[in-house]
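So for the sequence shown, my numbering puts the first residue at 14; every next one is plus one.
Ideal placement from N, C-alpha and C gives every residue a C-beta, glycine not left out.
Note that the structure is a prediction, hence the values are computed from the model and not measured.
A short worksheet on the structure shown next.
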Amino acid sequence: MIWSEKGENVYSQITPKIRALEEQWEKKNYIDPGLYQKYNVRRGLRDENGRGVLTGLTRVGEIQSYSVDQDGKLLPEDGVLYYRGIDCRELVRGSEGRRLAFEESAYLLLFGELPTEVQLRDFCVQLATYRTLPSNFLRDVILKAPPQDLMNTMQRAVLTLFCYDDQPNDISLGNVLRQSLQMVAIMPLLAIYAYQAYRFNKGEGLFIHEPRPELSTAENFLRMLRQDGRYTDLEARVLDVALVLHADNGGGNNSTFTNHVVTSSGTDTYSAIAASMASLKGPRHGGANSKVMEMMADIKSHVRNWSDDGELEQYLGRILNGEVFDGRGLLYGLGHAVYTRTDPRCEVFRDYVKTLSKEKERGEELDLYERVERLGKGLLSARRGKDAISTNIDFYSGFVFEMLGLPKELYTPLFAVARISGWSAHRMEELSGGGKLIRPRYECVEEHRTYTPAAER
Numbered sequence: 014m015i016w017s018e019k020g021e022n023v024y025s026q027i028t029p030k031i032r033a034l035e036e037q038w039e040k041k042n043y044i045d046p047g048l049y050q051k052y053n054v055r056r057g058l059r060d061e062n063g064r065g066v067l068t069g070l071t072r073v074g075e076i077q078s079y080s081v082d083q084d085g086k087l088l089p090e091d092g093v094l095y096y097r098g099i100d101c102r103e104l105v106r107g108s109e110g111r112r113l114a115f116e117e118s119a120y121l122l123l124f125g126e127l128p129t130e131v132q133l134r135d136f137c138v139q140l141a142t143y144r145t146l147p148s149n150f151l152r153d154v155i156l157k158a159p160p161q162d163l164m165n166t167m168q169r170a171v172l173t174l175f176c177y178d179d180q181p182n183d184i185s186l187g188n189v190l191r192q193s194l195q196m197v198a199i200m201p202l203l204a205i206y207a208y209q210a211y212r213f214n215k216g217e218g219l220f221i222h223e224p225r226p227e228l229s230t231a232e233n234f235l236r237m238l239r240q241d242g243r244y245t246d247l248e249a250r251v252l253d254v255a256l257v258l259h260a261d262n263g264g265g266n267n268s269t270f271t272n273h274v275v276t277s278s279g280t281d282t283y284s285a286i287a288a289s290m291a292s293l294k295g296p297r298h299g300g301a302n303s304k305v306m307e308m309m310a311d312i313k314s315h316v317r318n319w320s321d322d323g324e325l326e327q328y329l330g331r332i333l334n335g336e337v338f339d340g341r342g343l344l345y346g347l348g349h350a351v352y353t354r355t356d357p358r359c360e361v362f363r364d365y366v367k368t369l370s371k372e373k374e375r376g377e378e379l380d381l382y383e384r385v386e387r388l389g390k391g392l393l394s395a396r397r398g399k400d401a402i403s404t405n406i407d408f409y410s411g412f413v414f415e416m417l418g419l420p421k422e423l424y425t426p427l428f429a430v431a432r433i434s435g436w437s438a439h440r441m442e443e444l445s446g447g448g449k450l451i452r453p454r455y456e457c458v459e460e461h462r463t464y465t466p467a468a469e470r
């Protein structure tokens, strides 16, 4: 709230002035869309074919989703996501029947090789050692300031950790590696404790479970979240796989590119990670699965017969027309900025979605999701004139998280828990091989003019 010195609410006085300034801003800041073509501006850092403009080199992650013919035309292909040259699907398959799939992937992203059993054990011991917060940090930093959004609470906590570090500004490789391992270990605690503070602020009971050193990241996350600390083997496995699939998505995704940009300035690790989290928070990036859940809730409440393809397709058409739901004309979770035919992460996740929905007796809802996917892709293909429309992992991940009992407020923070390993790997790569401040160019299209004295305006 904004208050005057007399304690009166002055919103009523300020609002008209803000509106006048807003109108002035709109009048002076309009840019003709045709100018982007005139100056050959790659909006969104994408070329005329929708491909990302090449801005750097990396060995951490890679996406393959199309080939290019002799005429330069893009040919859609099934997507592949590589971590350090290894197909992420192989990482999931190779860890079947074992724990620590995320830890294995994090090690691979950070150090470039799959760990031996001894290396993986030592890595987990190191993470367990770091999986603790400074004294009174939970009380003074997380619990005291009422959280409105968990991602902002976590960002504030990350920036505050700077004050507890004896070498916060040291960007030597060894020190940044130490900070990165600490952040991989601490991020689950920040997410869970921020949520517990959020519940407590709403008048619900407060319970705090400390992590156990013998448990994996996924196991600790479920244990710390639930009051009774219990979880099934399937639940832990599904969450472990989800963390693996969200750990990286190439160097060009928005939050990772943000990390590269901020890191190139020579700033500290905590500032770079907080900046990445600011990007991830956006609904076009890490918040996409929450939008899918909102859309599906809207569909459930307005479509009477979920198994009637005609009724369902008609309502999806109305969503695309901007007539219902949020009015933006989007089918969330269908289509991807990079993946053309398939998103490999979604393809891996499908089997786990089916298995978990069976255990949770949510088969009817899964059938609805599959129908929305099939019919929605058909509508999008017809409207866009494209044969290939990929299903984003976000389409199913929110449903999975809901079946795991995760509150919606934790969906994006969980994304950060996974992606911190990728961000850290890319940050160290930028520090060691970047060498230049990332500074793209903007063309100014404002006309030059002379200064007008105050009395003549």
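Boundaries (first-last residue) of the beta strand (DSSP E) holding residue i
i          : result
residue 92 : 87-96
residue 76 : 74-81
Simplified DSSP assignment, three categories, for residue i
i           : result
residue 451 : coil
residue 52  : coil
residue 108 : coil
residue 218 : coil
residue 99  : strand
residue 223 : coil
residue 397 : helix
residue 459 : coil
residue 432 : helix
residue 347 : strand
residue 353 : coil
residue 158 : coil
residue 319 : coil
residue 14  : Note that residue 14 has pLDDT 48, beneath the 50 cutoff, so the model's placement of it is unreliable and no number is given.
residue 20  : Summary for residue 20: the model assigns pLDDT 49, below 50, so the residue's position carries little reliability; its value from the coordinates is reported in the next sentence. In the structure shown, residue 20 sits in coil (DSSP, three-state: anything other than H, G, I, E or B).
residue 37  : helix
residue 364 : helix
residue 179 : coil
residue 134 : helix
residue 374 : coil
residue 338 : coil
residue 479 : An answer regarding residue 479 cannot be provided, because it is not within the stretch 14 to 470 covered by the chain.
residue 391 : helix
residue 470 : coil
residue 241 : coil
residue 423 : helix
residue 70  : coil
residue 262 : coil
residue 464 : coil
Best match in the options for proximity to residue i [C-alpha to C-alpha]
i           : options            : result
residue 399 : 433, 348, 379      : 348
residue 222 : 215, 216, 207, 55  : 207
residue 397 : 146, 333, 327      : 333
residue 410 : 259, 319, 381, 100 : 259
residue 446 : 377, 70, 31, 92    : 70
residue 451 : 215, 226, 270      : 270
residue 273 : 67, 442, 85        : 442
residue 444 : 276, 168, 49, 40   : 276
residue 195 : 139, 168, 241, 163 : 139
residue 457 : 401, 44, 278       : 44
residue 226 : 113, 80, 330, 338  : 113
residue 68  : 58, 247, 75        : 58
residue 420 : 46, 316, 320, 239  : 239
heavy atom of the ligand ADP below 7 angstroms from residue i C-beta
i           : result
residue 402 : With respect to small molecules bound, the structure shown includes none, and the ligand ADP cannot be examined in it.
Residue interval of the alpha helix (DSSP H) (run including residue i)
i           : result
residue 315 : 301-315
residue 259 : 246-259
residue 411 : 407-416
residue 153 : Careful: residue 153 lies outside any alpha helix (DSSP H) and carries neither H nor E.
residue 331 : 322-333
residue 45  : Neither: residue 45 is in no alpha helix (DSSP H) and is coded neither H nor E.
residue 289 : 282-294
residue 273 : 267-276
residue 236 : 230-238
residue 122 : 114-124
residue 127 : First-last for residue 127: undefined, no H or E at that position.
residue 145 : Element bounds for residue 145: n/a, residue is neither H nor E.
residue 169 : 163-174
Which residues DSSP lists as bridging residue i, in chain order
i           : result
residue 65  : 59
residue 404 : 347
Are the segment 174-191 and the segment 252-267 in contact at 8 angstroms, needing three or more beta carbon pairs?
no
Contact between the segment 413-420 and the segment 240-255 (3+ Cβ pairs under 8 angstroms)
yes
Quick test of the definition: if touching needs 3 or more C-beta pairs under 8 angstroms, does the segment 278-286 touch the segment 114-128?
Using a Cβ-Cβ distance cut-off of 8 angstroms, the segment 278-286 and the segment 114-128 are not in contact, since fewer than three pairs of beta carbons, one from each stretch, lie closer than that value.
Is there contact here, the segment 340-358 with the segment 402-409, by at least three beta-carbon pairs under 8 angstroms?
In this structure the segment 340-358 lies against the segment 402-409, because at least three pairs of beta carbons, one per stretch, are closer than 8 angstroms.
Below 8 angstroms, how does it come out for the segment 312-327 and the segment 422-439: are there three or more Cβ pairs, yes or no?
no
Cβ contact check for the segment 158-165 and the segment 210-217: 3 or more pairs under 8 angstroms
yes
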